[in-house]
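Residue numbers for the sequence shown, in numbering that gives the first Met the number 0: 0 to 93. Glycine included, C-beta positions come from ideal geometry on N, C-alpha and C. Okay, so here's the structure we're looking at.
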Amino acid sequence: MLDKLKAIEDKYEQLGNELLEVGNDYKRAAEIGKERTSLEPLIEKAKVYRQAMKSLDEAKTILNDENDADLIALAKADIDDLTPKIETLEHEIK
């Protein structure tokens, strides 16, 4: 999944660079802009997905490393909240 997101992000960045280089070719600029705009929802979901994965990893670390019952309970709650969110994002990104 992360490889796919990286490829999409790379394409988005490449299109941004091309947009800067097209000069007076307004037709090509419009094509690039349209393609870039079509990728923006995926770029946003990629950011949310990466943040959710980071939060999930942090919660799992707390769950494994902490002895404080309150922190463990919070970590479990975070995991319970993040797992379906991540699954939904994965489905939407595919």
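Check: Integer-rounded CB distance, given that A58 should sit under 8 Å from I95; Outcome: There is no way to answer for residue 95, as the model of the chain reaches only from 0 to 93.
Check: Contact belief for L41 with I71 at Cβ below 8 Å, rounded distance in angstroms; Outcome: Not really, about 35 Å apart at Cβ, beyond 8 Å.
Check: Contact set for A45: own chain, Cβ-Cβ below 8 Å, skip 5 residues either direction; Outcome: L4, I7, E8 and I92
Check: Option in S54, Y25, K26 and G32 with minimal Cα separation from N16; Outcome: G32
Check: Three-state secondary structure assigned by DSSP to N16; Outcome: helix
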